[in-house]
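Q:
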């Protein structure tokens, strides 16, 4: 599937190949705690490259990396192990929904640092022009 000829203004028209940047927020599941190691401490060893949401390690047959099939240059994928390799995966093991506003600010800051300047937002979003509404 090829990208849309023009940037879609309707989210229902977005194709997988239109996605240039991905990010993730969440908890132990999102940073792939226990995906390779079965210790009891889900906050200790993380494998963001193996995250089913945003992990960039492996192939489509090994895990869900289908977005890479449509855009091999997609930005934001996590690789390897540890929090230093999470790229645009700002999830933190053991956190709850109360941490979402902080994670959103962290994600926006990381994207800005990497030169990402536009965000696809829904009308209900509290993020405007890349800034969290207070």
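Numbering (the numbering used here), first residue to last: 541 to 674.
The C-beta atom is built at its ideal place from N, Cα and C for all residues, glycine as well.
Keep in mind it's a predicted model, so treat the numbers as computed, not measured.
Taking the continuous alpha helix (DSSP H) assigned at residue 588, which residues delimit it?
A: DSSP places residue 588 in no alpha helix (DSSP H); its state is neither H nor E.
Q: If the criterion is Cβ atoms closer than 8 angstroms, does the pair residue 564 and residue 629 meet it?
A: yes
Q: Around the Cβ of residue 664, are there at least 16 other Cβ atoms within 10 angstroms (buried) or fewer (exposed)?
A: Only weak support exists for where residue 664 lies, its pLDDT of 47 falling under 50; the coordinates are left without a value.
Q: Which term fits residue 545, buried or exposed, when burial requires 16 or more other beta carbons within 10 angstroms of its beta carbon?
A: exposed
Q: Return the chain-ordered list of same chain residues with a C-beta closer than 7 angstroms to the C-beta of residue 623, the five sequence neighbours on each side being excluded.
A: So the list reads 586, once near-sequence residues are dropped.
Q: Please name the residue in 617, 656, 588 and 596 whose C-alpha comes closest to that of residue 632.
A: The shortest Cα separation from residue 632 among 617, 656, 588 and 596 belongs to 588.
Q: In this structure, does DSSP put residue 618 in helix, strand or coil?
A: Correct three-state label for residue 618: strand.
Q: Quick check on residue 636: buried or exposed, where buried means 16 or more other Cβ atoms within 10 Å of its Cβ?
A: exposed
Q: Start and end of the alpha helix (DSSP H) containing residue 649?
A: 640–653
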